[in-house]
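In our numbering, the protein residues as written are 22 to 300.
C-beta: ideal position from N, C-alpha, C; glycine also.
Working notes, beginning with the structure itself.
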Amino acid sequence: MRSRQGAACREMSLPQTPRAAMIAVMLDLAAAEACLTTPWRLEWHEQVTSTNDLVRAAARQGAAEGLVVGAESQTAGRGRHGRTWVDVPGRCLLFSVLLRPGDDAVGRLLGLAAAASVVTAAARRCGLRTGVLWPNDVVYGRAKLAGILVEQTQEVHVVGIGVNVLGTGEGLPCDRAVTTVQAVARAEGGHDEVRREALLAAILDEMHRYYGELKAGNRQGLMATIAEADQLKGRRVSVREAGREVTGTALGTDEEGRLGLLGPEGELWVRSGEVTSVG
Ligand code: BTN
C-alpha cells in the first residue's frame, strides 16, 4: 500500500449519548478519514453480524488488501477460542482489516502487529500506557481494553480489532475484568475526552507502519513495542494449547510471535494458546 500525506485532523465534539439508552451513535467516517495519513479504504455500518464476516465476503469477491470494515454494533461478534464478543453500541471501535501478506512469516505476526498498533496509537493519541497480554490482548493492569481475532483463509488474513473506547466497560461480559480507553485516560491523566475517529485513524496508521516494516523484513520495531508492553515476562503462567497445559516462567515473545516458557523441562516456545493463569 502507498502512503498518503497531509490530511488534516479535524476537531470534533463528543457525541452525547444518554448512558442508559443503548443507541448507536455513528462514527463520523469523514472525520476519521481526515485524520488518517495512510491509504486504507474505510466503510462503516450501523449493525452487522461480524465485521470479520463482511471482510471475508469482500475478500471472496476479490477485494484488494487495505479494505477496512467497521460497525457500531455486531450481532454475532466473535472472539478467540470460539467465544462471542459483546459490544456496547456506539461506544467501541469494532473493525476488520483485509490483508494479503503473501508470506506466512508475516501473516503469523499480524495479531501482534494489531496489538502493537492499538498500544502505540493509545499512547500517541491519548497518552496511555497500555500493555499486551500474549498473544494479542491489550490490557491496562489486568483489565482488558481491546481484543484481536485474526482469521486466515489461504492468502487472505482478516484482522478483527475490538477496542472498548467510551464509558467504563461495566457490564461487558468477559473472562476477565474490562476497561475502556476513556476510563484509563481518566485514571492516568484526569481527562476523558476521547475521540473514536482520531483513535481509529491512529490505530490504522500504526497498523500500516508495522505491516509495511514486516513486509520489508524488518521486525525490530514491532518486537521492541511488544517487549516494552509485555505483561507476562518474568511471571509464572500457564498456557493451554491443543488440549494440554504448560506452565513456566514467561521469557517473552520471539520474532515468530511465540511465547517462551521456562518450565521444569527447560525452555519451551508456544506458537498459540490461551494464557489461563498468571501468578
Ligand atoms: C478476543 O479478544 O477474543 C478477540 C476479540 C475480537 C473482536 C473483534 S470486534 C471486530 C471483529 N469482528 C469480530 O467478530 N471480532 C473482531
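What span of residues does the alpha helix (DSSP H) with residue i cover, start to end?
i: Gly210; result: Val202 to Gly210
i: His229; result: Arg217 to Lys236
i: Asp125; result: Asp125 to Gly128
i: Gln175; result: Run containing Gln175: none; DSSP gives neither H nor E here.
i: Val199; result: Run containing Val199: none; DSSP gives neither H nor E here.
i: Thr141; result: Leu131 to Cys147
i: Leu115; result: First-last for Leu115: Cys113 to Leu120, but that is the beta strand (DSSP E), not the alpha helix (DSSP H).
i: Leu243; result: Gln241 to Ala250
i: Glu54; result: Leu50 to Cys56
Any heavy atom of the ligand BTN within a distance shorter than 7 angstroms of the CB on residue i?
i: Asn185; result: no
i: Ser71; result: yes
i: Leu133; result: no
i: Leu115; result: yes
i: Gly98; result: yes
i: Gly128; result: no
i: Trp155; result: no
i: Gln203; result: no
i: Ile169; result: yes
i: Ile247; result: no
i: Arg101; result: yes
i: Arg104; result: yes
i: Gln68; result: no
i: Gly278; result: no
i: Gln95; result: yes
i: Gly152; result: no
i: Ile224; result: no
i: Gly111; result: no
In the DSSP assignment, find the unbroken beta strand (DSSP E) run with residue i in it and report its ends.
i: Ala72; result: Looking at the sequence itself, residue 72 is Thr, so the reference to Ala does not match. Careful: Thr72 lies outside any beta strand (DSSP E), inside the alpha helix (DSSP H) at Thr72 to Arg81.
i: Gly269; result: Arg265 to Thr274
i: Val296; result: Glu295 to Val299
Give me the DSSP bridge partner(s) of residue i.
i: Ile169; result: Ile182
i: Leu289; result: Leu282
i: Trp65; result: Gly91
i: Thr96; result: According to DSSP, Thr96 bridges with nothing at all.
i: Arg257; result: Thr270
i: Asp158; result: Leu154
Between residue i and chain D, is the shortest Cβ-Cβ distance under 8 angstroms, so that the two count as touching?
i: Ala219; result: Protein chains in the displayed structure number just one, and chain D is not present.
Three or more beta-carbon pairs under 8 angstroms between the region 258-268 and the region 145-152, yes or no?
Between the region 258-268 and the region 145-152, the count of Cβ pairs shorter than 8 angstroms is below three; the stretches do not touch.
Touching or not, the region 118-126 and the region 170-183, by the rule of three or more beta carbon pairs under 8 angstroms?
By the C-beta criterion, the region 118-126 is judged to be in contact with the region 170-183, since at least 3 inter-stretch pairs fall below 8 angstroms.
Is the region 79-96 touching the region 250-258, taking contact as three or more C-beta pairs under 8 angstroms?
No, the region 79-96 does not touch the region 250-258.
Does the pairing of the region 126-144 with the region 165-174 give three or more beta-carbon distances under 8 angstroms?
They touch, by the three-pair rule.
Do three or more CB pairs link the region 221-235 to the region 58-68 at distances below 8 angstroms?
Yes: at least three Cβ pairs fall under 8 angstroms.
Cβ contact check for the region 275-282 and the region 290-298: 3 or more pairs under 8 angstroms
Judged by Cβ distances under 8 angstroms, the region 275-282 makes contact with the region 290-298, as three or more pairs qualify.
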